[in-house]
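Here the structure is laid out as structure tokens; the discussion comes afterwards.
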Ligand SMILES: Nc1ncnc2c1ncn2[C@@H]1O[C@H](COP(=O)(O)OP(=O)(O)OP(=O)(O)O)[C@@H](O)[C@H]1O
Ligand SMILES: [Mg+2]
């Protein structure tokens, strides 16, 4: 796809040159860990059974926080497209002989790259803080790949949805409204933060269908257990498979909508 | 010479209601600077946007550099450069980075792009500020950057939509210089829109006047002016009665009121008619306070075809008077 390279590089330049976005991106992981680690530390008192065998709450919650970081960055992936349209830059892209979808996919890729950096920082932060992340049963290359795949698939799912929305939405406040509407439900109706045992029955049932739960659970399984048993592996495969199917469908949607519908 | 752009009943209706372009047929030749002149809302930007495949026509089509804008928009886009009416460069990148990005859109090889970008930057005197963020550019600098952003891939055709809109007079004249230089050095066909008459007059070889989405007249500036039969004589009289009498002057093709006690006479040839008018005035003992002869300007052409004047820079009274004096003395 011609246009994808230069557009993605533009997107990344805008990101790392903006000191505020760079700084908040660096601080945010510590924030999350400090807040959740201490706010819910009492949960540890329920013992390892409730935490699926995790040695502490940080270790338990890591999968959730990684997923949420991916999710929240992804929700904002369409905002730049709306501003490109407002500021006239989109006009320059639309008169160029590039694939229209490369405009949208540059946002998807740039957001994914940002998420990857944040994931790295967050894991580092979790390892550094006292009573933080502990790999009790080791952490293999396969575990690392599963972790990255889970976060990236969640990222692709939601960047696809939100960049596609931005193809048709022309007002920034509209997309901010949509983001505000969905972010908390996606976070709380999931297993990202709490063990199912602590959730109301109906909430826990609904959370089963949330891709945020799938990613959080998959990461949790590999972080806590290291080498997986056959049945654990099977669950992880199901979660990742679900995420992959959803991501593929939504990426295809993003492709077709952006090829045909994008305009000033 | 062959036509490089030809529109065929090009029509654009926005939202099923606003007919912005109505069966437009124009033909633009290779190597010329072609001006589209029209008042606000005439359909100039719509014409450009259709030709550069930014929007699709409601009906009709156009051939640009041998390619159909509807069926082969990608090929059209490759052969043209565009400088849209609104700004399109990215404020968060430097001038150089903006041009580099555009060159990549057109798959210009890196080395070639570098050379060309430097040449273009030098041409519009932006080489000193090429590494500054566009956010820090002045309005004129930004317009110059927009101008060359349409040229990094060596297009055959360049579209300029209101290239000097919002610039002060000095900067505008400077932009004209750059546009002429581009046309001479880069061997490119230029399509220019403007509602500044002087601009089109100064830059374009051939002009179409459009209004309400239709072409009203096409030709060189000279042709358009000479098609307007007759010169204009403006006279201001001392009394209303005198003005009325002058209105009845038999040698005029047309006589109109032109303000209080002022008369606008259209005559075949002012050089022959003026002595007769003076005789008529003294013969009828009329008192005259002011007499002006006007050769037709593009303004008059515009007025004739659109019924509107779009003069944007009113000469001051004293300047006008001095010009009048000079004309009378000739
Ligand atoms: N996107 C749009 N939707 C609806 N109507 C539009 C749109 N763009 C232009 N129009 C209408 O089409 C007509 C022609 O507009 P256009 O922009 O082509 O004029 P123009 O000659 O470029 O004017 P200006 O000198 O102000 O730039 C106007 O009546 C305008 O209101
Ligand atoms: Mg316009």
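Protein chains in written order, with my numbering: chain A, 247 to 510; chain B, 9 to 338.
Think of the CB as a built atom: it goes at the ideal place given N, C-alpha and C, for glycine as much as any other residue.
Asked	Found
Closer than 6 Å by C-beta to residue 415(A): which residues in its own chain qualify, once you throw out the five before and the five after it? Chain order, please.	421
Could I get the ranges of all uninterrupted alpha helix (DSSP H) runs contained in the stretch 70 to 115 of chain B, with 4 residues as the minimum, in chain order?	81 to 87 and 103 to 113
For the putative contact between residue 472(A) and residue 381(A), defined by C-beta atoms under 8 Å, what is the C-beta separation to the nearest angstrom?	6 Å
Count Cβ pairs between the stretch 444 to 463 of chain A and the stretch 302 to 317 of chain A that sit closer than 8 Å; are there 3 or more?	yes
Touch check for the stretch 159 to 169 of chain B and the stretch 194 to 206 of chain B: three-plus C-beta pairs under 8 Å?	yes
Among residues of its own chain, excluding the 5 on either side of residue 77(B), which ones have a beta-carbon nearer than 7 Å to its beta-carbon?	58, 59, 61, 69, 70 and 84
Ligand 2: which residues have Cβ under 7 Å from any of its heavy atoms, chain order?	52(B), 53(B), 93(B), 169(B), 170(B) and 201(B)
Using a cut-off of 9 Å between C-beta atoms, extract the partners of residue 260(A) located in chain E.	Within the model displayed, chain E is absent; protein chains A and B are what it includes.
Looking at the unbroken alpha helix (DSSP H) that takes in residue 337(A), where does it start and where does it end?	335 to 340
Rounded to whole angstroms, what is the Cα-Cα separation between residue 413(A) and residue 362(A)?	24 Å
Among 179(B), 37(B) and 45(B), which residue has its Cα nearest to the Cα of residue 11(B)?	37(B)
What in chain A is Cβ-close to residue 109(B), meaning under 7 Å?	252 and 256
Whole-angstrom Cβ separation of residue 308(B) and residue 236(B), contact assumed at under 8 Å?	6 Å
Taking C-beta to C-beta, are residue 321(A) and residue 408(A) nearer than 8 Å?	yes
At a cut-off of 7 Å, is residue 68(B) close to ligand 1 when judged by its beta-carbon and the heavy atoms of the ligand?	no
Does residue 455(A) come out as helix, strand or coil in the three-state DSSP assignment?	coil
Buried or exposed: residue 258(B), going by 16 or more other Cβ atoms within 10 Å of its Cβ?	exposed
For residue 338(A) and residue 110(B), what's the separation of their Cα atoms in angstroms?	8 Å
Just to confirm my understanding: we take residue 41(B), look at its own chain, exclude 5 residues before and 5 after, and list those with CB closer than 7 Å. What are they?	191, 198, 200, 211, 212 and 213
What are the residues in the stretch 333 to 344 of chain A lying within 9 Å of chain B by C-beta distance?	333, 334, 335, 336, 337, 338, 339, 340, 341, 342, 343 and 344
Is there a Cβ from chain B that is less than 8 Å from the Cβ of residue 248(A)?	yes
Check the Cβ-Cβ distances between residue 417(A) and every residue of chain B, and say whether any is below 8 Å.	no
Using the beta-carbon of each residue, which ones in chain B are nearer than 8 Å to residue 263(A)?	100
Cβ closer than 8 Å: which chain A residues qualify as neighbours of residue 113(B)?	248, 249, 252, 339, 342, 343 and 344
Three or more beta-carbon pairs under 8 Å between the stretch 43 to 55 of chain B and the stretch 244 to 259 of chain B, yes or no?	no
Tell me, please, whether the CB atom of residue 94(B) is closer than 8 Å to any CB atom in chain A?	yes
Residue range of the alpha helix (DSSP H) that residue 490(A) falls in?	476 to 507
Just checking: is the beta-carbon of residue 44(B) within a distance shorter than 8 Å of some beta-carbon in chain A?	no
Does residue 82(B) get closer than 8 Å to chain A when you measure Cβ to Cβ?	yes
Starting from residue 230(B), trace the alpha helix (DSSP H) both ways and give me its first and last residue.	229 to 235
Nearest by alpha-carbon distance to residue 405(A): which of 476(A), 265(A) and 500(A) is it?	500(A)
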